[in-house]
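Here's the structure, in C-alpha cells; my notes come after.
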Amino acid sequence: MPSTDVFTTITLQHYLVLSAALFMIGLTGVLLRRNVIVIMMCIELMLNAVNLSFIAFSKFSGRIDGQIMVFFVLTIAAAEAAVGLALIVCIFKRFREVNIRFFEHLKG
Amino acid sequence: MGQDIFEIVVNGLKLIVIFLLMVQAVPILVWVERRGSAFIQNRLGPNRVGPLGLLQLLADAVKFLTKEDMLPNQAVRFLFYAAPVTALIPGVIAYCAIPLGTPISIEAFEMFGRSWGPYVFPMQGFDIGVGIVFVLGVSSLAAYTILMAGWGSGNKFSLMGALRASAQMISYELALGLSIVGIIMLYGTFNLTEMINAQQGALTYSAFGHQLAIPALPNWGLFYQPLGFILFFAATFAEANRLPFDLAEGEAELVAGFHTEYGGFKMLMFFIGEYAHMMIACGLVVTFFFGGYLVPYMTPEQVQSWVATWASSPNAVSAWTSVIHLLSYFVKFAFFMWFFIWVRWTLPRFRYDQLMDLGWKTMLPWALANTILTALVVYFAHTIK
Amino acid sequence: MTADAFIFWFLSLITLGSALSVMLLANPVYSALSLVMTMVGISALFVTLGAYFIAGVQLIVYAGAVMVLFVMVLMLFDLRAELQAFSRGQISGALKLATVGALAGLIGGALLLSAGNVAEPSMAEAAKLPPDASKALGIVLFTRHIFGFEALGVLLLVIAIGTVALARAKGGTHAKH
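Here is the structure:
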C-alpha cells in the first residue's frame with residue numbers, strides 16, 4: 001500500500017506547490033485575457049501567490065522577515081491598483097473600451 | 109475548537125446562539141426604532157398588534173414571507189439572489205469575536221462513565237489574538253453585498269446607490285481605522301478581552317512615574333481617548349449606512365438606493381444586515397471606550413467575591429458572575445443602539461460632497477493628529493520617570 | 494486525516510477553484526468576485542500558517558479596499574459578458590500556454606530537486622515564532638527593515654500625488670472643463 005503521508009502531513013512543499021499553481025493561473029490569465037482590468041486582477045493573483053510562499057517560508061524557517069516582505073508587497077499592490085485603475089478609468093473615458101487591443105491608438 | 113467532544117459541541121452551540129440572538133434582536137430593534145421615532149416626532153407609532161404594538165414585526169414578517177418573489181427584467185439572476193444571503197454573513201462572523209462577559213469555568217465532572225473537564229468557556233463566539241484586526245477585516249467585506257445587490261438589480265438607481273455606499277464605506281474605513289490606533293497603542297494589544305481587562309477599577313492616570321486617581325469615574329477608554337471616541341463613533345454611522353450618512357438610500361434622489369428592486373423577505377435580509385452592522389459598531393464602542401462587559405468601578409474579582417457570598421457551587425459562582433457582566437454589557441450596548449436610533453430621527457441627511465469633505469478633510473486629519481499625539485504621550489509618559 | 498491536513502486541502506481547493514474561475518469566467522464582474530473569494534481563501538491559509546496579523550491586513554487591504562475598487566470600476570463601466578474575453582490566434586495562444594507550461598515545469602523541477610536536498614524544515618524551527626507574532630513583527634519592521642518602511646512611505650506619497658494629478662489632468666476623471 002502506498003504511503004498516504006503526502007495527504008496527511010502538510011509540509012513546506014505543499015504550500016510551495018499551491019503557491020506555484022496560483023502563480024501559474026495568474027500568469028496564464030495575464031497572457032490570455034484581453035480585458036485590462038482582468039489582466040490587472042491576474043497580476044494581483046500572482047502577487048498573492050508570492051505572498052503565500054513568503055509566509056510559508058517564514059513559518060517553516062522560524063524567521064519573521066517573510067511576513068515583513070508580505071507587508072511591503074501588500075502596500076505596493078494597493079498602490080499599483082490605485083494608479084492602474086485611475087489610468088484605466090481615464091482610458092475608458094476616452095475610448096469607451098477596456099480591450100487591450102484598442103490601446104494601440106495611444107497618440108490620441 | 110476544543111479538546112474533546114463536549115467542548116466542541118458547546119463551542120458550536122455558542123456560535124448558533126449568538127447568531128440567533130442577533131437575528132432575534134432585530135424585530136425588537138425595529139419596534140424600538142418605530143416607536144422611538146414616533147416618540148421623537150410626537151406621534152404614536154405602531155400600537156395595534158399585540159401589547160404596545162410589540163407583535164407588529166411578527167405580522168410584518170408574515171407579510172414579507174407571503175410576498176411575491178420578483179426578479180426584475182434586467183437583473184443578473186445569480187447576484188440578485190446571492191446578495192441578500194451574503195448580507196448577513198460578515199456581520200455575524202465579526203460580532204462573534206466581540207467578548208460579551210467573563211469566561212465561565214466548569215469544574216471537572218463525571219458523566220457517561222468517564223471524567224470530563226475542567227473547561228473554561230469564553231463568553232464570545234471565538235477568541236482571536238488579533239481581535240480588532242479580524243473584526244475590521246471581516247466587516248469590510250460587507251461592501252460586496254451592496255455592490256452585488258446594486259449591480260445585480262440592473263437598475264440605475266440601485267447602481268448609483270451601491271457605488272455611493274461602497275465609496276462611502278471605503279472612505280470612512282480610513283478614519284475608522286486611524287481613530288482606534290490611539291486605543292491600540294494605549295493598551296498595547298489587538299485583543300479585545302485584554303483591552304477590556306485594562307479598563308478595570310477607578311480612573312487612574314499614570315505618567316512620569318506618578319499616579320493620579322479619580323475615584324469618581326470608572327477607568328474607561330473614553331477618558332483617555334475622547335477625540336478617538338467621537339471620530340470612531342461618527343465613522344461607524346457612515347460604515348453602517350445610517351443617517352445622517354445614509355446617502356446610499358437618499359430617497360429624494362435614489363428611490364431607495366441599492367435595495368430599490370428588493371421586496372419581501374430579501375428586503376428583510378438587508379434589514380437584518382444593517383442592524384448587524386449597528387450591533388458591531390455598538391459592541392466595539394462599548395469594548396473600546398466604555399469598559400466592555402465590566403461593571404463600572406468594580407473588577408471582575410470583586411463581582412465574583414460578592415457572588416460567592418450567596419451562590420453555592422463554584423460553577424454557579426462563575427456562571428452568575430458571567431451573567432452579571434453580560435447584563436452590564438447589554439445595558440451599555442442598548443444605550444448605544446438607542447443612540448443610533450436617536451441620531452437617525454434627529455439629524456438631517458448630509459449632501460454627498462459634504463459627506464466626502466467631512467470624511468477626508470476633517471475626520472482623517474483629526475484622527476492622524478490624535479494618533480501622533482497619543483504616540484508621543486504614551487512614549488514619553490511611560491518611559492521618562 | 495488530521496484536522497490541519499483537512500483544513501489545508503479544503504482551503505487549497507477553494508483557493509485554486511476560485512483562482513481558476515478568475516481566469517476562465519468571461520464576465521469580468523464574476524472574475525472580480527472570484528478573486529475576492531481567492532483573497533479570503535489565501536487569508537485563511539495565512540491563518541493556518543500562524544500569520545494572524547498579516548491575514549487580517551490581507552482582509553482589510555486586499556479584500557476590503559483594493560478589490561472593492563476593482564469591482565466598483567467594473568460596475569461603473571457596466572461590462573456584461575465580453576465577446577472576446579480571450580485573445581484569438583491559435584499559434585500565439587499555444588506559444589503562451591507553452592511558456593506557462595515551461596515555467597511551471599521549471600518551478601516544479603526546482604521543488605522536486607530541493608525536496609530531497611534541503612534539510613527538512615522541522616516543526617522545531619516553526620515553534621520559534623511566537624504564537625501571537627504581531628509584537629515581534631512590529632519590532633522587526635521598525636528596526637531591521639526601517640529603511641524599506643520609510644521608502645514605502647515615500648512611494649505612497651508619490652502614488653497619492655500621481656493619482657491626483659492623473660485625475661485632474663486633461664481627460665482625467667476630475668478634469669476641469
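As they're listed, the protein sequences go chains S, G and F.
Residue numbers for the first sequence follow our numbering, beginning at 1 and rising by one.
Residue numbers for the second sequence follow our numbering, beginning at 109 and rising by one.
Residue numbers for the third sequence follow our numbering, beginning at 494 and rising by one.
We put the CB at the ideal spot given by N, CA and C, even for glycine.
Beta-carbon of residue i versus every beta-carbon of chain F: anything under 7 Å?
i          : result
Phe-127(G) : no
Ile-278(G) : yes
Phe-72(S)  : yes
Trp-468(G) : no
Ile-43(S)  : no
Gly-29(S)  : yes
Ile-91(S)  : no
Gln-245(G) : First, the amino acid is wrong: residue 245(G) is Gly here, not Gln. Taking Cβ atoms only, chain F reaches closer than 7 Å to Gly-245(G), which makes this a yes.
Ile-109(S) : Residue coverage of chain S in this structure runs from 1 to 108, which leaves residue 109(S) outside it and unanswerable.
Trp-428(G) : no
Based on Cα-Cα distance, which residue from the options lies nearest to residue i?
i          : options                                           : result
Ser-287(G) : Thr-479(G), Gly-309(G) and Ile-212(G)             : Thr-479(G)
Leu-434(G) : Ile-126(G), Ile-291(G) and Leu-476(G)             : Ile-126(G)
Leu-659(F) : Arg-96(S), Glu-80(S), Val-6(S) and Leu-87(S)      : Leu-87(S)
Asn-155(G) : Gln-149(G), Gly-199(G) and Arg-142(G)             : Arg-142(G)
Gln-132(G) : Ala-315(G), Pro-352(G) and Leu-376(G)             : Leu-376(G)
Val-394(G) : Gly-239(G), Met-256(G), Phe-366(G) and Lys-440(G) : Lys-440(G)
Ala-544(F) : Val-30(S), Val-83(S) and Phe-54(S)                : Phe-54(S)
Phe-378(G) : Ala-250(G), Leu-208(G), Leu-162(G) and Phe-186(G) : Ala-250(G)
Met-268(G) : Gly-365(G), Ala-321(G) and Asn-327(G)             : Gly-365(G)
Leu-45(S)  : Val-540(F), Met-516(F) and Pro-521(F)             : Met-516(F)
Asn-520(F) : Val-564(F), Trp-502(F), Ile-535(F) and Gly-582(F) : Val-564(F)
Ala-167(G) : Pro-180(G), Phe-147(G), Trp-139(G) and Glu-176(G) : Trp-139(G)
Phe-188(G) : Glu-357(G), Tyr-370(G), Tyr-280(G) and Pro-326(G) : Tyr-370(G)
Which residue or residues does DSSP assign as beta-bridge partners of residue i?
i          : result
Asn-35(S)  : Asn-99(S)
Tyr-227(G) : Ile-214(G)
Tyr-313(G) : Leu-320(G)
Gly-209(G) : Met-231(G)
Arg-222(G) : Met-219(G)
Pro-326(G) : Ala-310(G)
For residue i, which residues in the same chain have their Cβ closer than 7 Å to its Cβ, ignoring the five residues on either side in sequence?
i          : result
Met-215(G) : Reading off the sequence shown, one finds Glu at residue 215(G), where the question assumed Met. Cβ within range, chain order: Gly-225, Pro-226, Pro-422 and Asn-423.
Val-529(F) : Ala-556 and Met-560
Ala-483(G) : Met-293
Val-403(G) : Val-411, Ile-432, His-433 and Ser-436
Leu-137(G) : Tyr-383 and Met-445
Met-69(S)  : Phe-54
Ala-489(G) : Ala-315 and Phe-316
Leu-208(G) : Met-231, Gln-232, Tyr-401, Leu-434 and Tyr-437
Ser-279(G) : Met-464, Gly-467 and Trp-468
Taking 7 Å as the CB-CB limit, is residue i close to chain S?
i          : result
Gly-510(F) : no
Lys-628(F) : no
Glu-537(F) : Residue identity differs from the one stated: residue 537(F) is Ala in this sequence, not Glu. No, Ala-537(F) does not count as interfacial toward chain S.
Val-547(F) : In the sequence as presented, Val is not what sits at residue 547(F); that position holds Ile. Answer yes: the Cβ-Cβ gap between Ile-547(F) and chain S drops below 7 Å somewhere.
Ser-505(F) : yes
Gly-543(F) : yes
Met-516(F) : yes
Ile-600(F) : yes
Ser-527(F) : no
Thr-656(F) : yes
Asp-497(F) : yes
Phe-501(F) : yes
Short of 8 Å in beta carbon distance, which residues of its chain neighbour residue i, apart from the five on each side in sequence? Order them along the chain.
i          : result
Gly-237(G) : Phe-298 and Asn-299
Met-532(F) : Gln-551, Leu-552, Tyr-555, Ala-556 and Met-560
Ser-247(G) : Pro-198, Gly-199, Ala-202, Glu-347, His-385 and Ile-388
Glu-302(G) : Tyr-295
If you measure from the beta carbon of residue i to each beta carbon in chain G, is any gap under 7 Å?
i          : result
Ile-632(F) : no
Val-564(F) : yes
Ala-452(F) : Given that chain F is displayed from residue 494 to residue 670, the structure contains no residue 452(F) and the question cannot be resolved.
What does a CB cutoff of less than 6 Å around residue i pick up in its chain, not counting 5 residues either side in sequence?
i          : result
Thr-253(G) : Ala-191, Thr-194 and Ala-195
Phe-345(G) : Phe-353
His-502(G) : As shown, chain G starts at 109 and ends at 493. That puts residue 502(G) outside it, with no answer to give.
Asn-205(G) : It is Ala, not Asn, that sits at residue 205(G) in the sequence shown. Correct list, in chain order: Ile-236, Gly-239, Phe-242 and Val-243.
Ala-427(G) : Ile-212
Leu-85(S)  : none
If you scan the region 444 to 476 of chain G from start to end, which runs of the alpha helix (DSSP H) of 4 or more residues do you find wholly inside it?
460 to 465
At 4 residues or longer, and completely inside the region 521 to 600 of chain F: list those alpha helix (DSSP H) runs for me, N to C.
521 to 541, 545 to 551 and 560 to 570
Which residue spans inside the region 348 to 408 of chain G form an unbroken alpha helix (DSSP H) run of at least 4?
Whole alpha helix (DSSP H) segments, 4+ residues: 359 to 362 and 372 to 397.
So within the region 58 to 91 of chain S, which uninterrupted alpha helix (DSSP H) runs reach at least 4 residues, ignoring any that extend past its ends?
For the region 58 to 91 of chain S, not a single whole alpha helix (DSSP H) run of length 4 or above is found.
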